[in-house]
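Student: Structure below; questions to follow.
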Amino acid sequence: MLANRSFHGVLHPPPPHFTRSNSYTHSLSSSFSPRSETTPLLPPSLSTGPSNKRRSSLFCIQAQSEPSESTSDAAALYTQPFSAKIPVGDRHSSSGKKGKEEMSSTVGQVIRCKAAVAWEAGKPLVIEEVEVAPPQKMEVRLKILFTSLCHTDVYFWEAKGQNPLFPRILGHEAGGIVESVGEGVTELAPGDHVLPVFTGECKECAHCKSEVSNMCELLRINTDRGVMIHDGKSRFSINGQPIYHFVGTSTFSEYTVVHVGCVVKINPLAPLDKVCILSCGISTGFGATVNVAKPTKGSTVAVFGLGAVGLAAAEGARVSGASRIIGVDFHANKLQRAKQFGVTEFVNPKDYTKPVQEVIAEMTEGGVDRSIECTGHIDAMISAFECVHDGWGVAVLVGVPHKDAVFKTHPINFLNERTLKGTFFGNYKPRSDIPAVVEKYMNKELELEKFITHQVPFSEINKAFDYLLKGESIRCIIRMEH
Ligand SMILES: NC(=O)c1ccc[n+]([C@@H]2O[C@H](COP(=O)([O-])OP(=O)(O)OC[C@H]3O[C@@H](n4cnc5c(N)ncnc54)[C@H](O)[C@@H]3O)[C@@H](O)[C@H]2O)c1
Ligand SMILES: [Zn+2]
Ligand SMILES: [Zn+2]
């Protein structure tokens with residue numbers, strides 16, 4: 001089913017108008033007019049959706065009964081009182097209050113805090129004081145503690161191959177704590193440790209009830225919306241000027257407002273400065289392999305793009321018992337690092353005059369069993385498909401394409417029984433599945449530290465862009481300075 005849906009989305013040029021089923025194709029006018037007529041409210045029984053049997057069988061993991069010293073220290077750090085926020089209208093009276101008391105002092109009030117605002121395409125982000133409105137119906141306001149930079153943020157900041165929408169607060173990989181909840185939110189409470197996710201799970205729609213789909217009808221990724229679903233408005237402003245949201249998360253802010261269906265409650269002992277990377281890149285790459293490509297033991301796997309997403313895909317191949325993992329990247333310096341993630345061979349397309357799919361076919365007697373594309377470049381997507389073995393090969397697209405990209409291949413490649421799939425967020429249903437992935441980290445079955453190459457304080461967030469653009473970082477953790 002996944003293959004068929006993706007097939008449609010990828011092979012045909014996107015329609016010019018907005019449809020809920022293709023979030024990359026519409027262009028929203030940049031006004032803030034309410035859109036509630038086209039964006040239905042979340043069903044009231046959000047919290048009582050059925051459990052997903054397929055998902056719960058993905059990992060059979062018990063939480064650690066005895067937290068390690070480092071994790072309990074971490075837990076203490078992450079449950080520090082809410083101290084840095086001063087509600088508008090109460091700016092002189094909030095000092096001196098601590099913990100829950102102070103937390104409750106901000107409930108229902110506008111919070112002034114720092115956010116990194118993208119005012120224009122490609123221009124450095126500017127740390128501004130923003131107003132963050134209280135959460136509305138089915139929304140949650142989060143205190144972000146750690147965030148990181150994914151290449152998807154960069155695409156929408158550059159706005160070269162994506163629709164420009166500015167001013168905007170980017171950011172979608174993060175960990176934080178619930179500050180307050182809006183009307184109708186019953187399953188989250190202030191103090192909960194959470195990961196916001198760019199694609200949500202209402203638990204009520206046909207997709208959420210499906211065993212195979214994570215494309216929630218209501219909360220699937222929408223890169224062009226820029227406002228909250230409930231009332232079509234932004235919760236961010238600067239002196240009354242609205243600032244757009246990004247993929248419903250906008251984590252480059254000390255506080256943000258997120259739909260409850262896009263918030264994953266996790267083990268409070270999990271160190272947020274590590275598990276924050278599970279809220280996008282690592283879950284996406286790892287899930288693309290283990291949930292979608294599903295290589296069997298002894299398979300050959302090619303991974304295109306050795307950034308965080310690709311390395312997580314390689315890690316998925318390694319734990320699946322792949323015998324050969326061929327990494328493909330333009331940067332030769334990526335190989336050494338990629339070995340830690342199970343990559344056994346390296347191909348730089350620039351070293352060959354023939355197409356990389358032919359190089360891989362020759363290396364593997366006809367093609368790899370599985371390939372996972374994590375670059376966002378259309379040529380790599382086509383190569384990733386054409387390098388899989390006929391008869392059984394499966395290719396999975398993960399990279400976010402240019403808005404005008406068109407996938408072109410000869411139909412005989414399909415007739416010869418190759419399969420093309422695609423996935424957002426590694427096919428994980430965020431709220432149902434990600435707590436178990438966090439437990440995998442806690443149980444030392446999944447290593448996250450090796451993905452974290454850099455750290456910067458929030459005030460130096462633009463350095464994270466430099467590190468990623470120069471290909472130096474895998475993930476750079478941005479530490480909020482509350
Ligand atoms: N589908 C999803 O849910 C999802 C989620 C997160 C990220 N993404 C996308 O995944 C991709 C990777 O993200 P990332 O954060 O790891 O980025 P990154 O910049 O860290 O890594 C991308 C790597 O691809 C390499 N590359 C670029 N073009 C290439 C080509 N034609 N052939 C071979 N290698 C090439 C680059 O050298 C780089 O090492 C991006 O397109 C991002 O938008 C998708
Ligand atoms: Zn991402
Ligand atoms: Zn849904």
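Under UniProt numbering, the first residue of the sequence shown is numbered 1, with each subsequent residue one higher. For every residue, glycine included, the Cβ atom is placed at its ideal position computed from N, Cα and C.
If Val117 sits next to Leu142, beta carbons under 8 Å apart, how far is it from one beta carbon to the other, in whole angstroms?
Tutor: Working through the sequence shown from its first residue, we reach residue 117 at position 117. Working through the sequence shown from its first residue, we reach residue 142 at position 142. No, Val117 and Leu142 are not in contact; Cβ-Cβ is about 18 Å, not under 8 Å.
Student: Got a sec: does ligand 3 put a non-hydrogen atom nearer than 7 Å to the Cβ of Pro230?
Tutor: Taking the sequence shown and counting its residues from 1, the one referred to as residue 230 is at position 230. Here the sequence assigns His to residue 230, which means Pro is not the residue at that position. No.
Student: Distance check for Gly327 and Ile382, CA to CA, integer angstroms please.
Tutor: Here residue 382 refers to the residue found at position 382 of the sequence shown. Here residue 327 refers to the residue found at position 327 of the sequence shown. Between Ile382 and Gly327, the C-alpha separation is close to 16 Å.
Student: Tell me whether Leu77 is buried or exposed, calling it buried when 16 or more other Cβ atoms sit within 10 Å of its Cβ.
Tutor: Taking the sequence shown and counting its residues from 1, the one referred to as residue 77 is at position 77. Note on Leu77: pLDDT 35, under 50, position unreliable in the model; the coordinate value appears next. The residue in question, Leu77, is exposed, as its Cβ has fewer than 16 Cβ neighbours within 10 Å.
Student: Would Val400 and Thr152 qualify as a contact pair, given that the criterion is a beta-carbon distance under 8 Å?
Tutor: Looking up residue 400 in the sequence shown gives position 400. Looking up residue 152 in the sequence shown gives position 152. Closer than 8 Å, so yes.
Student: With 8 Å set as the bound, which would you pick, yes or no: does the beta-carbon of Pro401 sit closer than that to a beta-carbon of chain B?
Tutor: Judged by its chain identifiers, the structure shown contains no chain B, having just a single protein chain.
Student: For ligand 2, is there a heavy atom less than 7 Å away from the beta-carbon of His172?
Tutor: Indexing the sequence shown from 1 puts residue 172 at position 172. True, at least one ligand heavy atom lies under 7 Å from that Cβ.
Student: Report the start-end ranges of each alpha helix (DSSP H) in the UniProt domain "Alcohol dehydrogenase-like N-terminal" (138-267) that is 4 residues or longer and not cut off at the edges.
Tutor: Contiguous alpha helix (DSSP H) elements confined to the UniProt domain "Alcohol dehydrogenase-like N-terminal" (138-267) occur at 151-158 and 206-209, taking only those with 4 or more residues.
Student: Could you check what DSSP says for Glu131 in three-state terms: helix, strand or coil?
Tutor: For the purposes of this step, residue 131 is taken as the residue at position 131 of the sequence shown. The answer is strand: DSSP assigns Glu131 an E or B state.
Student: Would the beta-carbon of Ile478 fall within 8 Å of that of Thr453?
Tutor: Translated into positions along the sequence shown, residue 478 becomes position 478. Translated into positions along the sequence shown, residue 453 becomes position 453. With contacts defined as CB atoms closer than 8 Å, Ile478 and Thr453 fail to qualify as a contacting pair.
Student: Might you give, ordered along the chain, the residues of its own chain that have their beta carbon closer than 8 Å to the beta carbon of Lys123, omitting 5 neighbours on each side?
Tutor: In the sequence shown, the residue the question calls residue 123 occupies position 123. Here the set comprises nothing.
Student: If Lys114 and Glu129 are in contact, beta carbons under 8 Å, what's the gap, nearest whole angstrom?
Tutor: Taking the first residue of the sequence shown as position 1, residue 114 is located at position 114. Taking the first residue of the sequence shown as position 1, residue 129 is located at position 129. So it is a contact: roughly 6 Å between Cβ atoms.
Student: So within the segment 311-366, which uninterrupted beta strand (DSSP E) runs reach at least 3 residues, ignoring any that extend past its ends?
Tutor: 324-328 and 345-347
Student: Can you tell me whether Thr249 sits near ligand 2, meaning its C-beta is under 7 Å from at least one heavy atom of the ligand?
Tutor: To locate residue 249, count along the sequence shown from 1; it is residue 249. No, the Cβ of Thr249 stays beyond 7 Å of every heavy atom of ligand 2.
Student: Do Cys276 and Phe198 count as a contact pair if the criterion is CB distance below 8 Å?
Tutor: Within the sequence shown, numbered from 1, the residue matching residue 198 stands at position 198. Within the sequence shown, numbered from 1, the residue matching residue 276 stands at position 276. No, the pair does not count as a contact, with Cβ atoms beyond the cut-off.
Student: Helix, strand or coil: how does DSSP classify Phe465 here?
Tutor: Looking up residue 465 in the sequence shown gives position 465. Looking at Phe465 - three-state DSSP - the assignment turns out to be helix.
Student: Let me know the secondary structure DSSP gives Gly399 once reduced to three states.
Tutor: Within the sequence shown, numbered from 1, the residue matching residue 399 stands at position 399. Correct three-state label for Gly399: coil.
Student: Can you tell me whether DSSP reads Thr289 as helix, strand or coil?
Tutor: As a first step, residue 289 is located in the sequence shown; it is residue number 289 there, counting from the start. When secondary structure is reduced to three states using DSSP, Thr289 falls in the helix class.
Student: So, at 8 Å on beta carbons, what are the nonlocal neighbours of Ile243 in its own chain, with the 5 sequence-adjacent residues on each side left out?
Tutor: Taking the sequence shown and counting its residues from 1, the one referred to as residue 243 is at position 243. If we look at Ile243 and ignore the five residues flanking it on each side, its Cβ neighbours are Ala115, Val117, Val130, Pro167, Arg168, Ile169, Ser234, Phe236 and Ser237.
Student: Can you name, in chain order, every residue of its own chain whose Cβ lies under 8 Å from the Cβ of Gly261, other than the five neighbours on each side?
Tutor: Here residue 261 refers to the residue found at position 261 of the sequence shown. Only Leu42, Leu46, Met138, Gly200, Glu201, Cys202, Lys203, Cys216, Leu218, Leu219 and Arg431 meet the Cβ criterion.
Student: Do the segment 388-396 and the segment 320-335 meet, that is, are 3 or more Cβ pairs less than 8 Å apart?
Tutor: no
Student: Rounded to the nearest angstrom, what separates Val319 and Gly287 at their Cα positions?
Tutor: Position 319 of the sequence shown holds residue 319. Position 287 of the sequence shown holds residue 287. Answer to the nearest angstrom: the Cα atoms are 12 Å apart.
Student: State buried or exposed for Pro411, treating a residue as buried only when at least 16 other CB atoms are found within 10 Å of its CB.
Tutor: The residue you call residue 411 lines up with position 411 of the sequence shown. Answer is exposed; the Cβ neighbour count stays below 16.
Student: Just the Cα atoms here: how many angstroms apart are Lys205 and Val247?
Tutor: If you number the sequence shown from 1, residue 205 lands on position 205. If you number the sequence shown from 1, residue 247 lands on position 247. The sequence shown places Cys at residue 205, not Lys. Cys205 and Val247 have their C-alpha atoms roughly 19 Å apart.
Student: Can you determine whether any heavy atom of ligand 3 sits closer than 7 Å to the C-beta of residue 509, and answer yes or no?
Tutor: Nothing can be reported for residue 509, as the shown portion of the chain is limited to 1 through 482.
Student: In whole angstroms, give me the CA-to-CA distance for Ser210 and Lys429.
Tutor: Here residue 210 refers to the residue found at position 210 when the sequence shown is read from its first residue. Here residue 429 refers to the residue found at position 429 when the sequence shown is read from its first residue. Inter-residue distance for Ser210 and Lys429 is about 10 Å (C-alpha atoms, whole angstroms).
Student: Please report how far the alpha carbon of Val301 lies from the alpha carbon of Asp369, in whole angstroms.
Tutor: Position 301 of the sequence shown holds residue 301. Position 369 of the sequence shown holds residue 369. Cα to Cα, the separation comes out at about 6 Å.
Student: Determine the burial state of Gln357: buried for a count of at least 16 other Cβ atoms within 10 Å of its Cβ, exposed for fewer.
Tutor: As a position in the sequence shown, residue 357 is number 357, starting the count at 1. The residue in question, Gln357, is buried, as its Cβ has 16 or more Cβ neighbours within 10 Å.
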